Amino acid sequence: MHDYFLRLMEALEALERSIFRINDLKREFEFEVNKLVNRQALFTALVLPVVLLVAYTIGGSGMFSSGILYEKAGTVFVRMLAASFIIWTLAILLDFFFKFLFYRDYLPAGKTAKQKEVLPKYQEKRQQIIQNAKIVLEQELEDTPIPEEYLNVPTVGTLMRYWNEGKAKDMGEALQLIQKEQQAYNLAREQSLVKKFKEVEQDDFLK
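Just so you know, the sequence shown maps onto residues 1 to 207 in the numbering used here.
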């Protein structure tokens, strides 16, 4: 029985690692989508300010006019500094504006389009993790006499301790002991890793 508990603990730890990896993968997916949307919004926001700055430099700053020789260098510098500040402020405002539009798909190639663009790569990785975890479920966890709600590392560790210390002669007694302990100390029951894995498996990256 001791060896059985050890195998069960190893299977639960492997399942827990799979859950962590799927959650990490979802965060990586969201980070990459946000990065693409933010980059696109920034590039879009810079187009108009850059055009305005070039147009002002050529036509309005006096740097390329015939009267440049009569202009004071300080005057031209102040003009360019003021224009640059205004255009930089405009670029920041436009960046926020385009982010709003792209994240809500009010413009083409918005967030949903970026999600669909990068999703296949992450779905492939996610599916591989799920398949490996299902092998562990089928081989070690489906036919266990321990109810699903007790299939987590701390609870199984406690059951193994009861067995090793001779407090329980069989699995039924060990389960009764842990139920009494939880009721006596009003302990919150750890969520089943099997249940948690099923929830993660059903979770959609596009939600």
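Each residue gets a CB set at the ideal place from its N, CA and C atoms; glycine is no exception.
All values derive from a computational prediction rather than experimental measurement.
Host alpha helix (DSSP H) of residue i (start-end)
i	result
LEU107	Where LEU107 is concerned, there is no enclosing alpha helix (DSSP H), given that its DSSP letter is neither H nor E.
ILE146	It is not in any alpha helix (DSSP H) - ILE146 carries neither H nor E in the DSSP assignment.
LEU175	171-184
GLY157	153-164
Residue i (DSSP reduced to helix, strand or coil)
i	result
GLU117	helix
PHE205	coil
GLU124	helix
ALA82	helix
GLU10	helix
SER192	coil
LYS220	No information on residue 220 is available, as it lies outside the stretch 1 to 207 that the chain covers here.
SER66	In this prediction, SER66 has a pLDDT of 48, which is less than 50 and means its spatial position is unreliable; nothing more can be read from the coordinates.
LYS26	helix
LYS35	helix
LYS198	helix
Length of the line joining the Cα atoms of residue i and residue j
i	j	result
PRO147	GLN176	12 Å
ALA184	GLU190	16 Å
THR44	SER192	47 Å
VAL118	LEU53	35 Å
ASN23	LYS196	11 Å
ILE135	GLY166	32 Å
LYS35	LEU15	30 Å
ASP204	ILE130	13 Å
GLY172	ALA11	21 Å
VAL200	MET1	31 Å
GLN202	LYS125	15 Å
ILE178	PHE97	57 Å
TYR103	THR112	8 Å
TRP88	ALA55	15 Å
C-beta contact flag for residue i and residue j at 8 Å
i	j	result
ALA91	LEU141	no
ALA41	ASP95	yes
GLN127	VAL33	no
VAL194	LEU137	yes
ASN38	LYS121	no
Heavy atom of the ligand COA within 7 Å of residue i beta-carbon
i	result
LEU107	By its list of ligands, the structure shown contains no ligand whatsoever, and the ligand COA lies outside what it can speak to.
> Given 8 Å as the limit, is there contact between the region 152-169 and the region 3-23, that is, 3 or more CB pairs closer than that?
Replying inline: yes
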